[in-house]
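In the UniProt record's numbering, the protein residues as written are 1 to 211.
Set out below in structure tokens:
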């Protein structure tokens, strides 16, 4: 997986490059410090994924992503930022970024996000997912049935449908129905976001109630 880093701070670029280079399946393929450089490097290298800072001096990483997509660039983009503001997060969602990772995240979290995005899924910082859910003013998990909560907990642990079916003694077809209901009730796009939500709110089997 070829990765390009776009950040205007040399120390950040070097740190990210070091983390990437330690992984056998990741290749640090190039870097840029501003929008013009970024578009040239991305077009030349055609990376699988671009790690890009949200705020580059007087430029916005979101504008660079928009420009890249207008040019037909198919690379995936993960935003790196120190901003956890609702406004920035919503803007990122509008341009359909593939990932949103806070700079305070541990290297392991960034690597997890990279692998997830490379597989065609999205990754948003768990804390941001929790804030997003709070915007509705109530807890979406209150609408889940006990069995749906059990399935959500398993999703949070990374279990596939077959594993969930085995652990909960139900059919895979039933698991799929529960997952569909969970996504609708939590108002999330896919099972990855549901899993992130489960982890963000700390939902565990020990909190289950069968009254």
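Think of the CB as a built atom: it goes at the ideal place given N, C-alpha and C, for glycine as much as any other residue. All values reported here derive from a predicted model rather than from experimental measurement.
Check your understanding: Looking at C-beta atoms only, is the number of pairs between the stretch 27 to 34 and the stretch 70 to 81 that lie closer than 8 Å three or more?
Key -> No, the stretch 27 to 34 is not in contact with the stretch 70 to 81.
Review point. Which residues bound the alpha helix (DSSP H) around residue 174?
Key: Residues 172 to 186.
Practice item. With DSSP as the reference, please indicate the residues paired to residue 112 in a beta bridge. Key: According to DSSP, which records beta bridges pairwise, residue 112 is partnered with nothing at all.
Check your understanding: Between residue 188 and the rest of its own chain, which residues show a CB-CB distance below 6 Å, the 5 nearest in sequence each way excluded?
Key -> Scanning its chain for C-beta atoms nearer than 6 Å, with the 5 sequence neighbours on each side dropped, one finds around residue 188 the residues 194, in chain order.
Practice item. Would you mind giving the Cβ-Cβ distance between residue 6 and residue 51, rounded to the nearest angstrom? I have them listed as a contact below 8 Å. Key: Rounded to the nearest angstrom, the Cβ distance from residue 6 to residue 51 is 7 Å, consistent with a contact under 8 Å.
Point to revise | Start and end residues, alpha helix (DSSP H) containing residue 17 | key: Judged by DSSP secondary structure, residue 17 falls within the alpha helix (DSSP H) whose first and last residues are 10 to 21.
Exercise for review: For residue 5, name the three-state secondary structure that DSSP assigns.
Suggested key: Under the three-state reduction of DSSP, residue 5 is assigned to strand.
Point to revise | Expected contact under 8 Å - CB spacing of residue 165 and residue 175 to nearest Å | key: About 5 Å separates the beta carbon of residue 165 from that of residue 175, a gap short enough to meet the 8 Å contact definition.
Point to revise | Contact between the stretch 61 to 72 and the stretch 83 to 98 (3+ Cβ pairs under 8 Å) | key: The stretch 61 to 72 vs the stretch 83 to 98: in contact.
Practice item. Classify residue 149 as buried or exposed, calling it buried when 16 or more other Cβ atoms lie within 10 Å of its own Cβ. Key: Burial state of residue 149 is buried, judged by a 10 Å Cβ sphere holding 16 or more other Cβ atoms.
Point to revise | residue 164, enclosing beta strand (DSSP E) - first and last residue | key: Segment 161 to 168 is the alpha helix (DSSP H) holding residue 164; no beta strand (DSSP E) there.
Practice item. Work out the CA separation of residue 45 and residue 111 for me, nearest whole Å. Key: About 21 Å.
Check your understanding: With a Cβ-Cβ cutoff of 9 Å, do residue 162 and residue 154 count as a contact?
Key -> Taking 9 Å as the cut-off, the beta carbon of residue 162 is found no closer than this to the beta carbon of residue 154.
Check your understanding: Any idea which residues DSSP pairs residue 124 with across the strands?
Key -> Per the DSSP secondary-structure output, residue 124 pairs in a beta bridge with 100.
Check your understanding: Which residues in the same chain as residue 192 place their Cβ atom closer than 6 Å to its Cβ, once the five residues preceding and following it in sequence are excluded?
Key -> If we look at residue 192 and ignore the five residues flanking it on each side, its Cβ neighbours are 121.
Check your understanding: With burial defined as no fewer than 16 other Cβ atoms inside 10 Å of the residue's Cβ, what is the status of residue 209: buried or exposed?
Key -> Annotation note: pLDDT 46 at residue 209 (below 50); position unreliable, no value reported.
Check your understanding: Out of 20, 19, 22 and 13, which has the shortest C-alpha to C-alpha gap to residue 34?
Key -> Nearest option by C-alpha distance: 13.
Check your understanding: In three-state terms, what does DSSP make of residue 76?
Key -> Here residue 76 sits in strand by DSSP.
Practice item. Would you mind stating whether residue 68 and residue 38 have Cβ atoms separated by less than 9 Å? Key: Taking 9 Å as the cut-off, the Cβ atoms of residue 68 and residue 38 count as close.
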